[in-house]
Ligand SMILES: [Zn+2]
Ligand SMILES: [Zn+2]
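In the UniProt record's numbering, the protein residues as written are 1 to 112.
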């Protein structure tokens, strides 16, 4: 059984049951996570334990959004399903961030 935990980043007390996923592994308010799992979600095999920053949103083939977390301790990247009560404003901000900072002038697209 997943246990409730306190977010190390924003201090929120997080109930273990999350709508839409069986393994809540990040804070629904600030989206930060901790490096606890190794290979499989919920295995709690990693002994790193450092804070993981949400750095991007990706979309799976079926349209499901996944959060990309980067561990501040060991640098590992992790993909995590979003939960039904994740902060929609922060999710949207992550999703549009690359468009706000394009590596080339967006006017180029008009000439393609
Ligand atoms: Zn938090
Ligand atoms: Zn780590």
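Positions of the beta carbon are idealized from the N, C-alpha and C atoms, including for glycine. Values in this document were obtained by computation on a predicted structure and should not be read as measured data.
Indicate, with yes or no, if ligand 2 has a heavy atom lying under 6 Å from the CB of residue i.
{"i": "residue 76", "result": "yes"}
Whose C-beta lies closer than 6 Å to the C-beta of residue i among residues of the same chain, with five residues either side of it excluded?
{"i": "residue 74", "result": "48"}
Secondary structure at residue i, three-state DSSP: helix, strand or coil?
{"i": "residue 53", "result": "strand"}
{"i": "residue 79", "result": "strand"}
{"i": "residue 95", "result": "helix"}
{"i": "residue 110", "result": "helix"}
Buried or exposed: where does residue i fall if 16 or more other Cβ atoms within 10 Å of its Cβ makes it buried?
{"i": "residue 55", "result": "exposed"}
{"i": "residue 58", "result": "exposed"}
{"i": "residue 28", "result": "buried"}
{"i": "residue 97", "result": "exposed"}
Within the present structure, is the beta-carbon of residue i separated from the nearest heavy atom of ligand 1 by less than 6 Å?
{"i": "residue 71", "result": "no"}
Below 8 Å CB to CB, which residues in the same chain sit around residue i once its five sequence neighbours on both sides are set aside?
{"i": "residue 85", "result": "18, 19, 28"}
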